[in-house]
Amino acid sequence: MSGPTTGVHPEGVPAEGPRTAARPRLVERWREAADRNLTPTKRSLIVTWASFGTTWSTVRLITHGIRGGWLPWGNISAGGEHLHHYNIGIAMLAGIGLIAVRGDEQAVGHPVVAAAYGAGTALITDEFALLLDLQDVYWAKQGRLSVDVSLGVLAALGTYLTAKPFWDEIAKVTRHHITSAAKHSLSSAG
Numbered sequence: 112m113s114g115p116t117t118g119v120h121p122e123g124v125p126a127e128g129p130r131t132a133a134r135p136r137l138v139e140r141w142r143e144a145a146d147r148n149l150t151p152t153k154r155s156l157i158v159t160w161a162s163f164g165t166t167w168s169t170v171r172l173i174t175h176g177i178r179g180g181w182l183p184w185g186n187i188s189a190g191g192e193h194l195h196h197y198n199i200g201i202a203m204l205a206g207i208g209l210i211a212v213r214g215d216e217q218a219v220g221h222p223v224v225a226a227a228y229g230a231g232t233a234l235i236t237d238e239f240a241l242l243l244d245l246q247d248v249y250w251a252k253q254g255r256l257s258v259d260v261s262l263g264v265l266a267a268l269g270t271y272l273t274a275k276p277f278w279d280e281i282a283k284v285t286r287h288h289i290t291s292a293a294k295h296s297l298s299s300a301g
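Heads up: the sequence shown begins at 112 in the numbering used here, then just goes up one per residue.
Next comes the structure, spelled out in structure tokens:
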């Protein structure tokens with residue numbers, strides 16, 4: 112595809128001007144923004160927070176589905192004992208701890224390790240009241256809504272604050288991409 116090309120401001124937002132090559136795709140611009148703004152540590156933190164939020168939300172959905180009877184499976188049991196999802200979270204964090212103690216730098220910074228850490232933490236946090244009281248109070252009405260809301264906000268806020276400049280640039284690049292596509296669509300239609 113040929114046509115006019117736009118220059119790029121230092122912030123990564125294309126400038127208006129003649130085009131000589133195909134316009135970069137939005138996902139490519141997001142990758143470029145990530146490369147400019149995210150250190151390996153920030154990438155790991157984003158993956159950790161996103162994994163925490165995704166795991167926590169999924170677990171809440173599944174537990175409500177099991178309790179409400181609209182999911183086709185039930186609780187996990189071993190030897191007649193109900194296994195709470197915090198058990199899986201503790202096992203995950205123990206595995207992540209082993210990787211950290213071993214000190215393999217390539218593994219420590221790997222996105223899978225960050226995702227497992229976030230997921231394991233979410234599994235434990237979701238059943239924090241049970242661990243605190245040592246009673247199965249998961250479905251107790253008192254405080255349940257505030258815990259749900261606070262954990263959801265915590266996950267979203269953590270994901271955003273971990274790399275605020277990156278998210279700001281993603282919003283700017285996306286806005287410009289949509290505006291540019293709309294202008295291009297209108298000019299080719301006319």
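Cβ atoms here follow ideal geometry from the backbone N, Cα and C, with glycine treated the same way.
7 Å CB neighbourhood of residue i in its chain, flanking five on each side removed
i: G254; result: Unreliable positioning characterises G254 in this predicted model, as indicated by a pLDDT of 48, which lies under 50. The coordinate reading is nonetheless provided below. So no residue of the chain qualifies.
i: I201; result: I235
i: T273; result: K153, L156, I157, W160
i: L172; result: none
i: L262; result: W167, T236
Buried or exposed (CB count within 10 angstroms, at least 16 for buried), residue i
i: G303; result: Because the chain in this structure spans residues 112 to 301, residue 303 falls outside the shown range and cannot be described.
i: W181; result: exposed
i: V138; result: exposed
i: A306; result: Since the first residue of the chain shown is 112 and the last is 301, residue 306 is not available in this structure.
i: H196; result: buried
i: T232; result: buried
i: E216; result: exposed
Close-in-space but distant-in-sequence residues of the same chain around residue i (CB under 8 Å, 5 per side omitted)
i: I177; result: W184, G185, N186
i: R297; result: Reading off the sequence, residue 297 comes out as Leu, not Arg. Closer than 8 Å at the Cβ level, and outside the excluded window around L297, lies no residue.
i: A211; result: V219
i: P305; result: Because the chain spans 112 through 301 in this model, residue 305 falls outside it and cannot be assessed.
i: N148; result: A274, P276, F277, E280
i: V170; result: H196, A233, L234, D237
Beta-carbon proximity list for residue i, same chain, < 6 Å, skipping 5 on both sides
i: L194; result: I187
i: A227; result: M203, I207
i: R140; result: V284
i: A225; result: S155, V158, T159
Nearest-angstrom Cβ-Cβ length linking residue i and residue j, presumed shorter than 8 Å
i: T270; j: A189; result: So it is not a contact: roughly 33 Å between Cβ atoms.
i: T166; j: A230; result: 4 Å
i: A266; j: G164; result: 3 Å
For the stretch 167-215, which segments carrying the beta strand (DSSP E) assignment without a break, of at least 3 residues, lie completely within its bounds, in sequence order? Qualifying beta strand (DSSP E) stretches: none in this window.
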